[in-house]
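Notes to accompany the following structure.
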Amino acid sequence: MSIKFYFSPYSSAVRTHWALEELGIPYEGVRMDLKAGDQKKPDFLKLNPNGKVPTLVDDGVPYFESAAINIYLGEKYGVAKGLWPKAGTQAHGRAMSWTVWAAASLLNAGTRIMINTSPEVPDEQKNAAQGESARKEFEGLLDLLDAELKDKPYVTGDSFTLADALLAADLWWYQMGVVPSLARWPHIQAWTARCMERPAFKRISTG
Ligand SMILES: N[C@@H](CCC(=O)N[C@@H](CS)C(=O)NCC(=O)O)C(=O)O
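With the UniProt record's numbering, letter number 124 in the sequence shown gets 124, and the count goes up by one each step, no holes.
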């Protein structure tokens, strides 16, 4: 096994970084300077033509899209370690559902909040009404996750999986701006605290 992981701190790569640390498999991390344009250099574009992190190369084959990378890692290295449910089980279907929900539904609403409210986006490109409607949608989605976590410690049941790592990584990031307080969602709050107590998260969260 030879894994190379191209990442940048506080980016989508956190999802994969957390997964790799949970799995405890050897990998070489390559820190990319996105401001300097490392991700647009020809050698990197050969690995990921999208020019984005995370990118993972496993035994010479490159993979992109953090959710897909995490699912790939879970299937290949996580099942035996109890960190990813076996394909074909109900737990596997649920892990997939929440992983894709985070990458598609929640991220879509979160991105629209950012585009329409971030101080880094020029005012003329922002639309307050669209920001407000995205926020309502985002909060409604968090209501669903909160209800899911009401009677179980992790999204697929009693044990932590890489689906929790991906979702909790996103919640960590959303708390830096999109949703500064989780007070409205007590079960999410308790679950993120549980996930963030894990040594793997502590190792990656310092940047
Ligand atoms: N949907 C992609 C998003 C990847 C992405 O947008 N990565 C950003 C960092 S969060 C990036 O590499 N940006 C550099 C650029 O666009 O030049 C994933 O989840 O992997």
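No residue lacks a Cβ here, since even glycine has one placed at the ideal position from N, Cα and C.
Just so we're clear, the structure is a prediction, and the values are computed from it rather than from any experiment.
Beta-carbon proximity of residue i to residue j, cut-off 8 angstroms
i, j, result
"VAL53", "SER2", "no"
"TRP84", "ALA95", "yes"
"GLY51", "LYS35", "no"
"ILE204", "VAL14", "yes"
"THR192", "ALA168", "yes"
"THR117", "LEU56", "no"
"ALA109", "GLU137", "yes"
"GLY29", "PHE5", "yes"
Boundaries (first-last residue) of the beta strand (DSSP E) holding residue i
i, result
"LEU57", "The amino acid at residue 57 is misidentified as Leu; the sequence shows Val. 55-58 is the span of the beta strand (DSSP E), which, as asked, contains VAL57."
"LYS86", "LYS86 -> no beta strand (DSSP E), and no H or E assigned at all."
"LYS4", "3-7"
"GLU28", "28-31"
Bridge partners - residue i, DSSP secondary structure assignment
i, result
"VAL61", "ASP58"
"LYS152", "Paired residues: none, contrary to the question."
"GLY157", "TYR154"
Limits of the alpha helix (DSSP H) - the one that residue i falls within
i, result
"ILE204", "199-204"
"VAL100", "90-101"
"TYR72", "66-73"
"ARG184", "No alpha helix (DSSP H) holds ARG184; DSSP gives it neither H nor E."
"VAL79", "Where VAL79 is concerned, there is no enclosing alpha helix (DSSP H), given that its DSSP letter is neither H nor E."
"ALA115", "In the sequence as displayed, the identity of residue 115 is Ile instead of Ala. Segment 107-117, the alpha helix (DSSP H) holding ILE115."
"ASP164", "162-174"
"VAL14", "13-23"
"LEU47", "42-47"
Contact belief for residue i with residue j at Cβ below 8 angstroms, rounded distance in angstroms
i, j, result
"TYR10", "TRP173", "7 angstroms"
"residue 268", "LEU141", "Lying before the first or after the last residue shown, residue 268 is absent from the chain, which here runs from 1 to 207."
"ALA102", "ASP38", "Not quite, the Cβ-Cβ distance comes to about 26 angstroms (not below 8 angstroms), so this is no contact."
"THR156", "ALA80", "Actually they do not touch by this definition, with Cβ atoms about 17 angstroms apart."
"THR99", "LEU166", "6 angstroms"
"ARG198", "PRO153", "Their Cβ separation, rounded to whole angstroms, is 12 angstroms, which puts ARG198 and PRO153 out of contact at 8 angstroms."
"GLY78", "SER159", "Wrong, their Cβ atoms sit about 11 angstroms apart, outside the cutoff."
Heavy atom of ligand 3 within 7 angstroms of residue i beta-carbon
i, result
"GLY177", "The model on display carries ligand 1 but not ligand 3."
If you pair each beta-carbon of the stretch 63-80 with each one of the stretch 15-25, do three or more pairs fall below 8 angstroms? yes
Please confirm if the stretch 164-180 is in contact with the stretch 109-116, defined as three or more CB-CB distances below 8 angstroms between the two stretches. yes
Does the stretch 119-131 come close enough to the stretch 56-64 that 3 or more CB-CB pairs lie under 8 angstroms? no
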